[in-house]
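Chemist: Provided herewith is a single structure, encoded as structure tokens, for subsequent inquiry.
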């Protein structure tokens, strides 16, 4: 039987898509007035290091969250340079894009101590996203 260690795959393109989908699902469910209980039967670690040996060995995060980080940094830079323009663009953005930006802001929040432009090193797993 093959063993699976998510640390090798954390932050890859499928993981980022899964997390954006998870956040969209949670938002939809939390908008309802009924109570909600979350149980993750296949949760891995709550937080992953993208600069540890496993993540560096596979390099999968480079094609996932690292590419999205570049988009996030460009948007933050735009907002800092022209807030009124950014506000107009944000208003016109579709809900799906807003979910993506919210997800990237969440991941960026886990890396708030990093110097500007530095690669994200900390990546939240599903348990942290659900909390």
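Residue numbers (the numbering used here): 2 to 132. Don't be surprised by glycine CBs; every beta carbon is placed ideally from N, CA and C.
When the distance is taken between beta carbons, is residue 45 closer than 8 Å to residue 7?
Modeler: Against a cut-off of 8 Å, the Cβ pair of residue 45 and residue 7 comes out as a contact.
Chemist: Looking at C-alpha atoms only, which residue of 9, 17 and 5 is the closest neighbour of residue 105?
Modeler: When each option's Cα is compared against that of residue 105, the closest is 17.
Chemist: Rounded to a whole number of angstroms, what is the C-alpha to C-alpha distance between residue 118 and residue 14?
Modeler: Computed Cα separation, rounded: 20 Å.
Chemist: In chain order, what residues of the same chain lie with their CB nearer than 6 Å to the CB of residue 111, ignoring the 5 residues before and after it?
Modeler: Here the set comprises 123 and 125.
Chemist: Between the alpha carbons of residue 109 and residue 98, how many angstroms are there, rounded?
Modeler: C-alpha separation (whole angstroms): 16 Å.
Chemist: Across which residues does DSSP place residue 108 in a beta bridge pair?
Modeler: Answer by DSSP bridge pairing: none, since residue 108 is not bridged.
Chemist: Are the beta-carbon atoms belonging to residue 56 and residue 11 less than 8 Å from one another?
Modeler: Yes, Cβ-Cβ distance for residue 56 and residue 11 is below 8 Å.
Chemist: Could you check where the alpha helix (DSSP H) with residue 1 kicks off and where it finishes?
Modeler: The requested residue 1 is not part of the displayed model; the chain covers only 2 to 132.
Chemist: Return yes when the Cβ of residue 24 is within less than 8 Å of the Cβ of residue 72, no when it is not.
Modeler: Contact: no.
Chemist: Quick one: grab the DSSP three-state call for residue 122.
Modeler: If DSSP states are grouped into helix, strand and coil, residue 122 belongs with coil.
Chemist: Is residue 50 helix, strand or coil when you go by DSSP?
Modeler: Residue 50: strand per DSSP, three-state reduction.
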